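With my numbering applied, the sequence shown corresponds to residues 61 to 113, in that order. Backbone N, C-alpha and C define an ideal beta-carbon position, used for all residues, glycine too. All of these numbers come straight from a predicted model, not from anything done at the bench.
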Amino acid sequence: MSEAGLIVTNAHVVSSSSTASGRQQLKVQLQNGDAYEATIQDIDKKSDIATIV
């Protein structure tokens with residue numbers, strides 16, 4: 061997670077066959093229990109990487 065709030069994760073964690081980047085809202089919960097609303101920024105299913113902000 062960057063200071064700007066960009067999170068890199070596995071694509072299979074945040075995506076489904078109908079997910080398009082920039083459209084799906086997510087709830088991100090950090091290890092300390094803090095929770096935030098986020099949006100998928102980009103998904104690369106081939107390399108199994110996704111960015112959310």
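Item, Value
"If you follow the beta strand (DSSP E) that A71 is in, where does it begin and where does it stop?", "It is not in any beta strand (DSSP E) - A71 instead sits in the alpha helix (DSSP H) that spans 71–74."
"Please list the terminal residues of the continuous beta strand (DSSP E) segment that includes E97.", "95–104"
"Roughly how many whole angstroms lie between the Cα atoms of Q89 and A110?", "16 angstroms"
"Under 6 angstroms Cβ to Cβ from Q84, same chain only, skipping five residues before and after it: list those, please.", "I100"
"Using a Cβ-Cβ cutoff of less than 8 angstroms, which residues in the same chain neighbour N70 once the five nearest sequence positions on both sides are dropped?", "D108, I109, A110"
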